[in-house]
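Remember, my numbering sits 19 above the position in the sequence shown when you count from 1. Virtual Cβ for every residue (Gly too), placed ideally from N, Cα, C. Step one of this worksheet: look at the structure below.
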Amino acid sequence: MKLLYKVPLLLTSITLAVGIASGIPLLFESRKSNSNPPEQAAISLAKALRASIEQDMIDGHPDHVKTTLAHLPGQRSFLELAVVAGDGRIAASSNQADIGQTAMDARIRYMLTSGEVSLSSESGDRSELSFVLPITLKPECIGCHSEQEKVLGAVLSRLDTSTPDTELWQKLVTRAIHGMLVSAVIGVALFLSLKKTVVNPLDRVRRYAERLASGDFTAKADIGLFDGVGTLTRGMAQNLILAQEGERRRIARELHDQVGQSLTLVLVDLATLGKTSAAADVTERVAALQSLVVDTLIDVRRLAVELRPSALDSLGLVVALRGYLLDAAERSGIPIDFQTLGPRASLAPAVETALYRIVQESVTNAIRHAKPHTISVTLEQHDNLVLARIRDDGTGFHLHRSHPSAMSMNGLGITGMRERAALLGG
Ligand SMILES: Nc1ncnc2c1ncn2[C@@H]1O[C@H](COP(=O)(O)OP(=O)(O)OP(=O)(O)O)[C@@H](O)[C@H]1O
Ligand SMILES: [Mg+2]
20 MKLLYKVPLL LTSITLAVGI ASGIPLLFES RKSNSNPPEQ AAISLAKALR ASIEQDMIDG
80 HPDHVKTTLA HLPGQRSFLE LAVVAGDGRI AASSNQADIG QTAMDARIRY MLTSGEVSLS
140 SESGDRSELS FVLPITLKPE CIGCHSEQEK VLGAVLSRLD TSTPDTELWQ KLVTRAIHGM
200 LVSAVIGVAL FLSLKKTVVN PLDRVRRYAE RLASGDFTAK ADIGLFDGVG TLTRGMAQNL
260 ILAQEGERRR IARELHDQVG QSLTLVLVDL ATLGKTSAAA DVTERVAALQ SLVVDTLIDV
320 RRLAVELRPS ALDSLGLVVA LRGYLLDAAE RSGIPIDFQT LGPRASLAPA VETALYRIVQ
380 ESVTNAIRHA KPHTISVTLE QHDNLVLARI RDDGTGFHLH RSHPSAMSMN GLGITGMRER
440 AALLGG
């Protein structure tokens, strides 16, 4: 699976898992805290009304409770709160129409005789919970009531229990949607930031590796990043340069040792042949062949040096550069001035190779593109800084504006110079 799809999938799974993991305890918690409220509400309503009625009776203001019930605020879950007298008549109720009616409920009648508390729930069209609380005889009541009347009446509270569940469910659904939206936003934000910081750079490394694997060495490495991805890319680019330099070194050695030696032997044989033959035309042919072999030998040596000057490995950067610049000046006919400034400390082989290649490419560019009268190269060394300066008095060019080709894929020289310098932290 592509990295581009793997990461969002992983992020979505993580966000969902976190959402579910944190949502489940919340759900249990809300279920637990909402499991009892209707019962508790019905009981506390009935108890409060009983306490109030008892006090009113003792104080001699039995009408208080009627006024209170008449003004009881209507709530969606609240069905009725009523006071039933000992004979079963509804003496006061929050439902005005019920006042004076006889409570036909079997439980109420049973309770009026037994004095037992009763809590029951019914589910018809809607689920309902009712609580019946007896009003029992107290010493203070004797005087108004006879001692035989054990149960003076009852308090009834009825609540609609279907509503809270629906409300709870709606609340849960709203919370779930809210949570999902928040998770989605977090997921998208995470994905976008990860895409920018990890997926895209990694995808560029993948494309770079694919191009290298297909043999396209013009691929540009994204070496500006200073994280794991940058290290990976730099490592690949460095390996490529190392492999390239190693291969050049090998070919240069082969050219010098094998081809060079063979040509030298041919030259020796030709010299012997020229001496032993008396025929004028043979001597002439041998001389021509000798001159051709000498030219070829010079070309092969030059090619070997260009590929990888052995002086760079054995005598160091300055000697190798001096040799290269002398040769370049001689071949192009353009005088090249070479100066070294500052203390000459030995540099790491990778730095020497990079500097040699950069100077080589710059001088080649100057000769090829600038038509200059002179070229000057300075190599300046300070504590931990090396500066190579290559100037020519030719046509000149502007890296970005006048020569867009300088940054295009066609010219690899400048890109290669930048890459080599950047790989060494330059
Ligand atoms: N010293 C210079 N004077 C004038 N123009 C230059 C000089 N150096 C580079 N340029 C311009 O910049 C362009 C890009 O140079 P670069 O070395 O990247 O590519 P190239 O020399 O054209 O090709 P390559 O180096 O890949 O063989 C050149 O084509 C040339 O137009
Ligand atoms: Mg070039």
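Cutoff 8 Å; reference residue i; Cβ partners in own chain excluding five residues on either side
i, result
"S337", "Note on residue identity: the sequence assigns Val, not Ser, to residue 337. Cβ neighbours of V337 beyond the five flanking positions: T359, R363, L398."
"D144", "none"
"R341", "F357"
"Y24", "none"
"L456", "Limits of the chain in this structure are 20 at one end and 445 at the other, which puts residue 456 out of reach."
For residue i: DSSP bridge partner residues
i, result
"L418", "According to DSSP, L418 bridges with nothing at all."
"G6", "A query on residue 6 cannot be resolved here, the shown segment of the chain reaching from 20 to 445 and no further."
"H401", "L404"
"E141", "E147"
"V174", "V102, L152"
"L164", "As written in the sequence, residue 164 is His, which differs from the Leu given in the question. H164 is bridged to I161."
"S395", "D356, R410"
"E121", "Reading the sequence as shown, one finds Thr at residue 121 and not Glu. Partner(s): R108."
"D179", "E147"
Cβ shell of residue i (< 7 Å), same chain only, five flanking positions each side left out
i, result
"F97", "L178"
"A238", "Y227, R230, L231"
"L366", "L336, V405"
"S140", "S146, E147, L148, T180"
"L282", "V312, T315, L316, V319"
Best match in the options for proximity to residue i [C-alpha to C-alpha]
i, options, result
"R267", "R327, I377, Q309", "R327"
"Q257", "G352, L443, N403, K390", "L443"
"S41", "L138, D78, S202", "S202"
"P81", "A65, K66, W188, A110", "A110"
"S71", "E99, L138, A122, I154", "I154"
"T87", "L213, A67, I77", "A67"
"A61", "V136, Y129, T132", "V136"
"D78", "S113, C160, Q120, M130", "C160"
"L30", "F210, A348, D75", "F210"
"I127", "L91, D117, F150", "F150"
"V37", "S365, G206, L156, A65", "G206"
"A173", "A348, A440, R69, E264", "R69"
"R408", "L374, R439, P391", "L374"
"D412", "V405, S395, L274", "S395"
"A330", "R272, E303, R304", "R272"
"D314", "V285, S233, R225", "V285"
"A89", "A125, D117, L251", "D117"
"M199", "D235, S32, E141", "S32"
"T180", "L171, E147, C163, P158", "E147"
"V305", "L289, T295, V312, A297", "L289"
"A339", "Q189, R376, N403", "R376"
"T383", "A347, F416, G293, V224", "A347"
"T252", "G234, R223, E264, A262", "R223"
"S176", "V204, L64, G293, K215", "L64"
"P391", "S165, E58, I355, L138", "I355"
"S113", "A389, Y343, L100", "L100"
"N403", "V301, V370, T414, F416", "V370"
"F236", "E438, L138, G445", "E438"
Simplified DSSP assignment, three categories, for residue i
i, result
"R108", "strand"
"G431", "It is worth fixing the name first, because residue 431 is Leu in this sequence and not Gly. Coil, per DSSP."
"V136", "coil"
"L152", "strand"
"I353", "coil"
"F97", "strand"
"I39", "helix"
"D82", "helix"
"D300", "helix"
"E222", "Note that residue 222 corresponds to Asp in the displayed sequence, not to Glu. If DSSP states are grouped into helix, strand and coil, D222 belongs with the helices."
"K190", "helix"
"L286", "helix"
"H90", "coil"
"L259", "helix"
"A389", "helix"
"K214", "helix"
"S233", "coil"
Contact set for residue i: own chain, Cβ-Cβ below 6 Å, skip 5 residues either direction
i, result
"S351", "I386"
"H401", "G361"
"I270", "L326"
"E380", "G432, M436"
"H83", "D75"
"Q120", "I109"
"D332", "none"
"L292", "V305"
Chain D within 8 Å of residue i, Cβ atoms only
i, result
"Q189", "Considering every chain present, this structure includes no chain D. It has just one protein chain."
| Cβ contact check for the segment 311 to 322 and the segment 263 to 283: 3 or more pairs under 8 Å | They touch, by the three-pair rule.
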